[in-house]
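Protein chains: 2
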Amino acid sequence: MKVRSNNTAHNVPLPTLRRLPGYLSFFKALKINGVEHVSSSRIAATFKMDPTLITKDLSYTGVKGRTKVGYNVDQLIQTIVNFLDFNTRVNAYLFGVGNLGRALINYEGLNDYGLDIIAGFDVDPGVINATIKGVKIYPLDAFRDLSLQTPARIAIVTTPPVSAQEVADLAVAWGIRAIWNFTPQSIKVPKNIILENTSIYSDLAVILNRLNNE
Amino acid sequence: MKVRSNNTAHNVPLPTLRRLPGYLSFFKALKINGVEHVSSSRIAATFKMDPTLITKDLSYTGVKGRTKVGYNVDQLIQTIVNFLDFNTRVNAYLFGVGNLGRALINYEGLNDYGLDIIAGFDVDPGVINATIKGVKIYPLDAFRDLSLQTPARIAIVTTPPVSAQEVADLAVAWGIRAIWNFTPQSIKVPKNIILENTSIYSDLAVILNRLNNE
DNA sequence: CAGTGTGAAGTTGTTCACAGCA
DNA sequence: TGCTGTGAACAACTTCACACTG
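First to last, the protein sequences are chains A and B.
Each residue of the first sequence is one higher than the one before, counting from 166 in the numbering used here.
Each residue of the second sequence is one higher than the one before, counting from 166 in the numbering used here.
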């Protein structure tokens with residue numbers, strides 16, 4: 166018998182969860198522009214969506230809107246940030262300091278949303294011991310000691326695809342709870358480990374498909 | 166009245182379309198390892214999915230499997246590459262040559278899958294006129310002339326979020342057909358323009374949600 | 001049998017319709 | 001009247017059940 170996986174808090178539909186960061190970014194922009202209230206229809210127009218879906222999505226976070234006025238922007242931001250745990254700091258290690266890895270380390274955005282990359286690992290002597298935006302790069306075999314000393318719950322994998330599985334195995338062996346795989350390579354992990362794949366090829370596939378069918 | 170958008174070829178479910186590149190990468194790895202045939206159950210095990218869904222997904226591409234033997238790996242690769250139009254070259258411009266932009270230019274992967282970034286644009290004099298992996302970086306106002314000379318159908322937006330809308334407007338005005346937005350900022354485009362948002366924050370939200378509910 | 005292939009059933013997610021409120 | 005909020009209807013997607021094939 167299959168019970169709806171309760172990995173997701175309070176039965177939030179996964180698509181809703183994925184849309185919330187987008188709303189949040191819009192609300193932050195509104196706040197900067199001094200907007201205090203926003204209605205679901207306005208949000209819907211911005212995102213080209215059905216207004217009811219906006220209402221449904223927001224209702225999962227528990228935020229309350231006022232009829233005729235809409236939702237309070239500050240409250241929206243605070244509630245969503247809380248709901249998504251973007252205000253709780255989480256440590257992460259990054260494996261594979263190539264172009265993509267470097268870009269992620271430099272990306273302030275992840276930091277703003279609660280993620281602290283506390284160390285990088287690579288096999289290339291050219292980057293080992295370097296410090297990128299305050300993040301020190303270690304040889305891969307330093308991982309064991311470091312993970313005992315300053316543990317991290319998330320492993321970001323930005324290695325070449327061939328090394329992805331090997332690095333993931335290592336990370337799992339040393340106590341990582343979640344793997345964020347940026348390689349196109351499919352990775353196997355024990356089922357208690359959280360695995361999220363970020364594949365820009367999926368997005369590319371959608372774009373090409375639409376371009377070639379317009 | 167709402168008809169199912171037929172941007173997508175032959176009614177392929179969007180989730181199927183998004184999964185196909187992942188399968189493709191797996192099949193390519195199999196080929197390198199000399200594997201000639203693969204069954205849906207083996208694919209399903211790799212991706213922790215239901216075997217029937219694999220069968221359904223593959224059936225959209227028109228590939229035929231043989232009972233007892235499975236699918237021919239070469240045929241799978243060829244059929245999916247064709248189906249996703251990864252063998253048709255498409256030109257793209259990249260706007261915003263920061264860390265992420267630079268990473269995308271350096272990423273061979275996009276090239277392998279049909280995308281040619283033919284020029285970059287930025288406002289920072291420090292990168293203008295630079296050449297990154299053979300891609301020349303121009304000032305933003307060179308875009309008009311260049312787009313007449315060597316047009317591109319896709320605009321990749323990796324600017325800071327505040328500039329995203331402005332750059333998108335410019336790109337649309339000069340004939341871009343699709344915008345691939347890597348900023349968290351929501352962009353508005355005319356409805357005949359294809360817009361794809363790549364948001365790593367969505368993935369982060371899913372990871373944090375699961376971490377905090379395990 | 002071990003596997004593909006497919007229509008039907010079940011589940012999840014979205015949109016509709018309308019109640020309630022200021 | 002304009003907007004939130006929600007249960008019901010609908011649509012999309014996934015899984016099940018089973019026919020078929022070598």
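Backbone N, C-alpha and C define an ideal beta-carbon position, used for all residues, glycine too.
None of these values were measured; they are calculated from a predicted model.
Within chain B, partners of residue i - CB distance below 8 Å
i	result
Tyr236 (chain A)	Per Cβ cutoff of 8 Å: no residues; Tyr236 (chain A) is ~16 Å from chain B at best.
Ala389 (chain A)	Outside the shown range of chain A (166 to 379) lies residue 389 (chain A), about which nothing can therefore be said.
Where the alpha helix (DSSP H) containing residue i begins and where it ends
i	result
Pro216 (chain A)	216-226
Leu311 (chain A)	308-314
Ala370 (chain B)	365-376
Val255 (chain B)	First-last for Val255 (chain B): 255-260, but that is the beta strand (DSSP E), not the alpha helix (DSSP H).
Asp277 (chain A)	273-277
Asp239 (chain A)	238-248
Arg207 (chain B)	205-212
Residue i - containing beta strand (DSSP E), residue span
i	result
Tyr188 (chain B)	Looking at the DSSP string, Tyr188 (chain B) is not in any beta strand (DSSP E); the run it does join, the alpha helix (DSSP H), is 179-197.
Asn362 (chain B)	359-362
Ser321 (chain B)	Before going further, note that residue 321 (chain B) is Ile rather than Ser in the sequence given. Where Ile321 (chain B) is concerned, the enclosing beta strand (DSSP E) stretches over 319-322.
Gly334 (chain B)	Per the sequence presented here, residue 334 (chain B) reads as Asp, with Gly not at that position. Per DSSP, Asp334 (chain B) belongs to no beta strand (DSSP E); it is in the alpha helix (DSSP H), 329-338.
Ile341 (chain B)	First-last for Ile341 (chain B): undefined, no H or E at that position.
Asp281 (chain B)	280-287
Ile302 (chain A)	300-304
Neighbourhood of residue i by C-beta, 6 Å cutoff - its chain only, sequence neighbours within 5 removed
i	result
Val332 (chain A)	Phe260, Val322, Thr324
Ala431 (chain A)	Residue 431 (chain A) cannot be examined here, being either before or after the span of chain A that is shown, 166 to 379.
Ala329 (chain B)	Val322, Thr348, Gln350, Ile352
Gly235 (chain A)	His202, Val203, Ser204
Asn171 (chain B)	Because Asn171 (chain B) sits at a pLDDT of 30, beneath the cut-off of 50, its placement in the model cannot be relied upon, and the point is left open.
Asn377 (chain B)	none
Pro304 (chain B)	Ile293
Val177 (chain A)	Tyr225
Close-in-space but distant-in-sequence residues of the same chain around residue i (CB under 7 Å, 5 per side omitted)
i	result
Arg267 (chain B)	Ile297
Pro349 (chain A)	Pro326, Ser364, Tyr366
Arg309 (chain A)	Trp339
Tyr278 (chain A)	Phe251
Ile219 (chain B)	Ser205, Ile208, Ala209
Ser312 (chain B)	Trp339, Gly340
Leu335 (chain A)	Phe308
Val238 (chain A)	Phe192, Leu195, Lys196, Val200, Glu201, His202, Val203
Arg354 (chain A)	This sequence places Val at residue 354 (chain A); Arg is not what is there. Within the same chain, Val354 (chain A) has close Cβ partners Ala333, Val337, Ile344, Leu360.
Leu126 (chain B)	With chain B covering 166 to 379 only, the question about residue 126 (chain B) has no answer from this structure.
Arg254 (chain B)	Gly279, Asp281
Gln240 (chain B)	Val228
Asp215 (chain B)	Ala209
Closer than 8 Å at the beta carbon, the chain A residues around residue i
i	result
Pro178 (chain B)	None at all; the shortest Cβ gap to chain A is about 12 Å.
Chain A contact residues for residue i, given Cβ-Cβ distances below 7 Å
i	result
Thr182 (chain B)	Residue 182 (chain B) is actually Leu in this sequence, not Thr. Simply Ala370, Val371, Asn374.
Asp334 (chain B)	Chain A residues near Asp334 (chain B): none, gap ~15 Å exceeds 7 Å.
Leu185 (chain B)	Ala370
Contacts of residue i in chain B (Cβ-Cβ under 9 Å)
i	result
Ser190 (chain A)	Pro326, Thr348, Pro349, Gln350, Ser351, Ser364, Tyr366
Ala194 (chain A)	Pro326, Val327, Gln350, Ser351
Cutoff 8 Å; reference residue i; Cβ partners in own chain excluding five residues on either side
i	result
Ile302 (chain B)	Val262, Ala284, Gly285, Phe286, Asp287, Val292, Ile293, Asn294, Ala295, Thr296
Glu361 (chain B)	Ala343, Ile344, Trp345, Asn346
Ala431 (chain B)	Nothing can be reported for residue 431 (chain B): it is not among the residues displayed for chain B, which extend from 166 to 379.
Lys233 (chain B)	none
Ile270 (chain B)	Leu259, Val262, Ile282, Gly285, Ile297, Lys298, Val300
Thr315 (chain A)	Asn256, Ile283, Ala284
Leu185 (chain B)	Asp222, Thr226, Ile245, Phe248, Leu249
Ile358 (chain A)	Val337, Ile341, Arg342, Ala343, Ile344
Residues of the segment 278-307 of chain A whose Cβ lies closer than 8 Å to any Cβ of chain B, in chain order: Tyr278, Gly279, Leu280
Selection of the segment 348-366 of chain B by Cβ proximity to chain A, strictly under 9 Å: Thr348, Pro349, Gln350, Ser351, Lys353, Lys356, Asn357, Ile359, Leu360, Glu361, Asn362, Thr363, Ser364, Ile365, Tyr366
Positions along the segment 311-325 of chain B whose CB lies within less than 7 Å of some CB in chain A: Arg318, Ile319
Short-range partners of chain A found in the segment 203-231 of chain B, where Cβ spacing is below 7 Å: Thr211, Phe212
Near-chain A residues of the segment 264-277 of chain B (beta-carbon distance less than 9 Å), N- to C-terminal order: Asn264, Leu265, Gly266, Arg267, Ala268, Leu269, Ile270, Asn271, Tyr272, Gly274, Leu275
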